[in-house]
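2 protein chains.
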Amino acid sequence: MSAIADFSTYKVISPIGSARGDDTHVTVHWLDGRTSPYHLLWLRDNCPCSRCVYSVTREQVVEILDIPEDIQAARVTLTDDGNLDILWQDGHASTYDAGWLRAHAYDEESLAERERLKPKKRLWGSSLAVPAFHYTDVMADDAALLAWLLAVRDTGLSLIHGVPTESGALVPVAKRISFIRESNFGTLFDVQSKVDADSNAYTAFNLPLHTDLPTRELQPGLQFLHCLVNDARGGSSTFVDGFKLAEVLREEDPQSFEILTSLPIEFRNRGRSSDYRYQAPIIALDENQEVTEIRMANFLRGPFSTPPATMPLLYRAYRRFIALTRDDRFRYRQRLEAGQLWCFDNRRALHARDEFDPASGARHFQGCYVDRDELHSRIRVLQR
Amino acid sequence: MSAIADFSTYKVISPIGSARGDDTHVTVHWLDGRTSPYHLLWLRDNCPCSRCVYSVTREQVVEILDIPEDIQAARVTLTDDGNLDILWQDGHASTYDAGWLRAHAYDEESLAERERLKPKKRLWGSSLAVPAFHYTDVMADDAALLAWLLAVRDTGLSLIHGVPTESGALVPVAKRISFIRESNFGTLFDVQSKVDADSNAYTAFNLPLHTDLPTRELQPGLQFLHCLVNDARGGSSTFVDGFKLAEVLREEDPQSFEILTSLPIEFRNRGRSSDYRYQAPIIALDENQEVTEIRMANFLRGPFSTPPATMPLLYRAYRRFIALTRDDRFRYRQRLEAGQLWCFDNRRALHARDEFDPASGARHFQGCYVDRDELHSRIRVLQR
Numbered sequence: 167m168s169a170i171a172d173f174s175t176y177k178v179i180s181p182i183g184s185a186r187g188d189d190t191h192v193t194v195h196w197l198d199g200r201t202s203p204y205h206l207l208w209l210r211d212n213c214p215c216s217r218c219v220y221s222v223t224r225e226q227v228v229e230i231l232d233i234p235e236d237i238q239a240a241r242v243t244l245t246d247d248g249n250l251d252i253l254w255q256d257g258h259a260s261t262y263d264a265g266w267l268r269a270h271a272y273d274e275e276s277l278a279e280r281e282r283l284k285p286k287k288r289l290w291g292s293s294l295a296v297p298a299f300h301y302t303d304v305m306a307d308d309a310a311l312l313a314w315l316l317a318v319r320d321t322g323l324s325l326i327h328g329v330p331t332e333s334g335a336l337v338p339v340a341k342r343i344s345f346i347r348e349s350n351f352g353t354l355f356d357v358q359s360k361v362d363a364d365s366n367a368y369t370a371f372n373l374p375l376h377t378d379l380p381t382r383e384l385q386p387g388l389q390f391l392h393c394l395v396n397d398a399r400g401g402s403s404t405f406v407d408g409f410k411l412a413e414v415l416r417e418e419d420p421q422s423f424e425i426l427t428s429l430p431i432e433f434r435n436r437g438r439s440s441d442y443r444y445q446a447p448i449i450a451l452d453e454n455q456e457v458t459e460i461r462m463a464n465f466l467r468g469p470f471s472t473p474p475a476t477m478p479l480l481y482r483a484y485r486r487f488i489a490l491t492r493d494d495r496f497r498y499r500q501r502l503e504a505g506q507l508w509c510f511d512n513r514r515a516l517h518a519r520d521e522f523d524p525a526s527g528a529r530h531f532q533g534c535y536v537d538r539d540e541l542h543s544r545i546r547v548l549q550r
Numbered sequence: 167m168s169a170i171a172d173f174s175t176y177k178v179i180s181p182i183g184s185a186r187g188d189d190t191h192v193t194v195h196w197l198d199g200r201t202s203p204y205h206l207l208w209l210r211d212n213c214p215c216s217r218c219v220y221s222v223t224r225e226q227v228v229e230i231l232d233i234p235e236d237i238q239a240a241r242v243t244l245t246d247d248g249n250l251d252i253l254w255q256d257g258h259a260s261t262y263d264a265g266w267l268r269a270h271a272y273d274e275e276s277l278a279e280r281e282r283l284k285p286k287k288r289l290w291g292s293s294l295a296v297p298a299f300h301y302t303d304v305m306a307d308d309a310a311l312l313a314w315l316l317a318v319r320d321t322g323l324s325l326i327h328g329v330p331t332e333s334g335a336l337v338p339v340a341k342r343i344s345f346i347r348e349s350n351f352g353t354l355f356d357v358q359s360k361v362d363a364d365s366n367a368y369t370a371f372n373l374p375l376h377t378d379l380p381t382r383e384l385q386p387g388l389q390f391l392h393c394l395v396n397d398a399r400g401g402s403s404t405f406v407d408g409f410k411l412a413e414v415l416r417e418e419d420p421q422s423f424e425i426l427t428s429l430p431i432e433f434r435n436r437g438r439s440s441d442y443r444y445q446a447p448i449i450a451l452d453e454n455q456e457v458t459e460i461r462m463a464n465f466l467r468g469p470f471s472t473p474p475a476t477m478p479l480l481y482r483a484y485r486r487f488i489a490l491t492r493d494d495r496f497r498y499r500q501r502l503e504a505g506q507l508w509c510f511d512n513r514r515a516l517h518a519r520d521e522f523d524p525a526s527g528a529r530h531f532q533g534c535y536v537d538r539d540e541l542h543s544r545i546r547v548l549q550r
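Protein chains in written order, with this note's numbering: chain A, 167 to 550; chain V, 167 to 550.
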């Protein structure tokens with residue numbers, strides 16, 4: 167019988183000292199002093215045996231509703247190798263790996279500990295030392311790949327040097343993570359000044375700081391921008407850490423922060439054959455009030471739609487946020503040269519481009535997207 | 167000068183009777199009696215002239231921060247063709263199409279009216295007359311296409327007959343909407359019993375009612391399931407309207423509804439080369455407390471992680487929801503035959519499959535995903 171219905175392994179942080187059952191719980195006392203109660207229903211629900219979990223997929227094949235709500239344990243014991251054994255009153259037997267049990271303990275101390283161990287974002291401003299990597303390392307070496315992906319996750323901006331300057335060369339880089347997310351602009355998009363532009367991105371205009379595709383329910387997670395040639399005058403890249411701006415706003419102007427985290431704003435991306443629209447607040451928070459995403463592109467914004475009494479407050483908040491994006495303390499500027507590639511968290515690192523002069527020389531970037539889900543999955547597999 | 171920076175046209179619901187400006191607003195009195203105030207900053211922000219909006223992309227090229235917060239109108243007049251003209255004190259001139267202005271009015275009455283006109287979901291149970299369409303109509307006729315897509319949007323479940331039974335035949339159907347959303351299971355996935363299954367979907371097991379890929383931040387919007395052959399015993403399809411179940415739960419057990427709309431649950435989808443995990447409540451609500459999505463697959467659920475005092479409430483709520491999925495009043499059952507295709511809102515219509523006997527005959531379905539953004543974009547373009 168497998169004691170873990172999982173592809174991961176769980177280190178035994180502390181051995182189990184003793185375990186005691188009553189009508190509703192089994193309480194585990196760990197040798198390091200922690201006490202973890204587990205409800206009987208939770209334990210039965212998480213039985214890893216091959217009748218409860220299909221061993222090939224490691225996916226559950228029973229549903230908790232098929233188990234009586236008042237299930238009782240007949241016997242609670244420790245195995246010789248330190249795991250927890252439960253014999254249930256209906257005769258079913260479950261064995262729980264001690265490492266797995268500790269990793270999934272939900273006493274207050276264990277929950278707080280897991281919260282503390284979550285990866286922390288590193289906020290930045292104009293003086294950022296941008297995490298930089300080399301193409302050959304990232305392509306060949308899983309340790310370099312992991313270092314790069316952790317930088318993307320935690321800093322939200324990275325630079326790769328030495329990428330071949332041929333068309334499509336960014337694809338194998340993106341595929342070191344996973345498949346590419348398609349959009350109506352294609353799998354790969356060419357950022358060049360075009361006569362029949364279907365986005366201001368495809369002009370030579372100054373593009374103010376923005377996230378790509380705020381017009382979609384899920385904005386693309388990672389954006390890759392690869393420079394094939396950059397001989398035109400102008401066209402430098404600027405980035406700001408949108409999470410940093412949000413924290414500054416929260417601190418300096420709580421009312422504007424409240425408005426930008428609660429009022430849905432519509433973004434629109436319309437062309438002859440598509441009409442994308444999505445409404446969401448400019449700053450998204452998780453259940454712990456942590457910033458998880460910025461949604462912002464002035465050139466894709468629809469007319470504000472909010473009751474008359476709220477409208478001046480919304481303009482005040484929006485202008486305040488735009489003013490922060492223009493504040494030099496937060497702007498990291500660098501001109502991308504041929505063979506370099508930006509990879510950044512599109513939902514965090516707002517990006518901008520200076521106006522350039524297409525008559526002064528060639529400028530050709532290629533871009534693509536990979537979502538955050540794929541980034542996190544890849545990191546987990548590399549860390550197994 | 168274009169009076170609309172848009173690809174849409176806006177019918178004049180009522181002509182403008184008069185317009186009057188003061189220090190902060192222009193107030194429009196419509197001939198049908200409605201009064202709509204517009205803030206000066208809002209009007210200036212939405213100036214559609216070719217200096218403010220690039221006519222090729224219809225995207226804004228000014229930022230509102232570059233306009234003084236206390237901007238004043240020098241003259242407010244109506245044009246001969248009934249539009250609104252504003253001459254600003256700095257000399258800039260703006261013309262607003264009357265139909266556009268009415269469509270974007272934000273007086274309380276106009277906001278309430280737009281809220282009322284939003285498409286309504288049609289909730290259903292076991293007696294659903296499933297909206298059915300024919301392949302040749304949907305492929306050739308844009309009116310049939312639109313009727314089908316509106317059914318998918320509002321009912322969340324549809325059936326298409328007469329689809330060729332060759333591999334890949336669902337792709338052109340999906341592409342009548344847009345590109346296909348890829349996942350780690352591929353662009354197209356083959357639902358067959360496999361020895362090395364990386365999901366219980368690829369076994370012959372009974373699969374309880376679920377949404378696909380609850381392990382991703384954005385669950386796929388539409389799911390296509392195309393039957394190439396179904397000669398095996400068993401394997402009927404069952405659907406429930408998850409939005410209906412959520413409303414029943416809200417009515418009958420508000421405490422459980424509160425828990426399932428607020429406590430994040432982790433779903434996990436792990437294989438040898440991927441490790442997807444996402445945490446979110448089982449029922450998602452929008453800012454008006456309307457249900458927007460169900461996230462549910464018992465076989466992909468991670469161990470519950472919530473403080474000990476909350477755990478019994480979570481199990482109670484979860485069991486209650488599972489019990490609703492098993493209630494015959496809500497279950498629509500139908501066996502899919504060769505040449506038929508389900509297209510359903512994966513985030514609303516939970517789907518299940520009875521166990522089947524792979525020794526009794528061949529069973530081969532193919533599936534793919536398209537997101538809600540693409541559905542809504544396509545509907546808007548068809549309705550232009």
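Beta carbons are placed, not taken as given, at the ideal position from N, Cα and C, and that holds for glycine.
Neighbours of VAL337/V in chain A, taken as residues whose beta carbon is under 9 Å from its own, are absent, since the nearest beta carbon is some 14 Å off.
Taking every protein chain shown into account, the CB of ALA185/V has 16 or more other CB atoms within 10 angstroms, so this residue is buried.
In terms of beta-carbon proximity, ALA483/V stays away from the interface with chain A, with every pair separated by 8 Å or more.
For MET462/A, no Cβ of chain V is located within less than 8 Å of the residue's own Cβ. Using a CB distance cut-off of 8 Å, VAL547/V counts as an interface residue toward chain A. Taking 3 residues as the minimum length, the beta strand (DSSP E) runs contained wholly in the segment 364-430 of chain V are 373-376, 388-396 and 403-407, in order along the chain. The Cβ-Cβ distance between LEU207/V and VAL192/V does not fall below 8 Å.
Residue-level contact by beta carbon holds for ALA363/V and chain A, with a gap shorter than 8 Å. For LEU466/V, the residues of chain A that pass the 9 Å Cβ criterion are GLU225 and GLN226, in the order they occur in the chain. If the five residues before and after ASP251/A are omitted, its C-beta is found closer than 6 Å to the C-beta atoms of THR243, THR245 and THR261, all from its own chain and listed in chain order. Between the alpha carbons of PRO330/V and GLY505/V lies a gap of roughly 6 Å.
Less than 8 Å divides the Cβ of GLN238/V from the Cβ of ASP189/V. Taking all protein chains in view, the Cβ of GLY533/A is crowded by 16 or more other Cβ atoms within 10 Å, so the residue is classified as buried. Listed along chain A, no residue sits closer than 7 Å to THR201/V by beta-carbon distance, the nearest being about 11 Å off. No Cβ-Cβ contact shorter than 8 Å links ARG280/A with TRP196/A. Under the three-state reduction of DSSP output, GLU456/V falls in the coil class, being neither helix nor strand.
When the beta-carbon positions are compared, PHE405/V and LEU415/V stay at least 8 Å from each other. A check of alpha carbon separations from ILE182/A across TRP266/A, LEU316/A, VAL457/A and PRO474/A identifies TRP266/A as the nearest.
Looking only at LEU541/A, HIS530/A, VAL536/A and GLY248/A, the smallest Cα-Cα distance to GLU332/A is reached by HIS530/A.
Excluding sequence positions up to five before and after ALA450/V, its CB lies within less than 6 Å of the CB of THR458 and GLU459, all in the same chain and listed in chain order.
Counting the other CB atoms within 10 Å of its CB gives LEU490/A a total of 16 or more, which places it among the buried residues.
The C-alpha of CYS215/V lies about 53 Å from the C-alpha of VAL357/V. Using a Cβ-Cβ cut-off of 9 Å, SER440/V is close to SER344, GLU540, SER543, ARG544, ARG546 and VAL547 of chain A, given in chain order. With fewer than three CB-CB distances shorter than 8 Å, the segment 420-439 of chain A does not count as touching the segment 310-319 of chain A. About 6 Å separates the CB atoms of LEU507/A and LEU336/A; that is less than 8 Å, so the two are in contact. Residues of the segment 172-183 of chain V with a C-beta atom less than 9 Å from some C-beta of chain A are ASP172, PHE173 and SER174, listed in chain order. For the segment 207-223 of chain A, the beta-carbon criterion of a distance under 7 Å to any beta-carbon of chain V is satisfied by LEU207, TRP208, ASN212, TYR220, VAL222 and THR223. The beta carbon of PRO285/V does not come within 8 Å of any beta carbon belonging to chain A, so the residue lies off that interface. Here the alpha carbon of VAL361/V sits roughly 8 Å from the alpha carbon of THR369/V. Contact check for VAL318/A and TYR498/A: beta-carbon distance about 15 Å, past the 8 Å limit, so the pair fails to qualify. Under the DSSP definition of a beta bridge, PRO203/A partners with THR193/A.
Secondary structure at ARG501/A: coil, using DSSP grouped into helix, strand and coil. Interface annotation, HIS392/V: not in contact with chain A, CB-CB separation never under 8 Å. Residue contact check for SER260/V against chain A: no CB pair falls below 8 Å. Interface residue (Cβ-Cβ distance to chain A less than 8 Å): ARG382/V is classified as such.
Around the beta carbon of GLN385/V, a 10 Å sphere encloses 16 or more other beta carbons of the protein chains shown; the residue is thus reported as buried.
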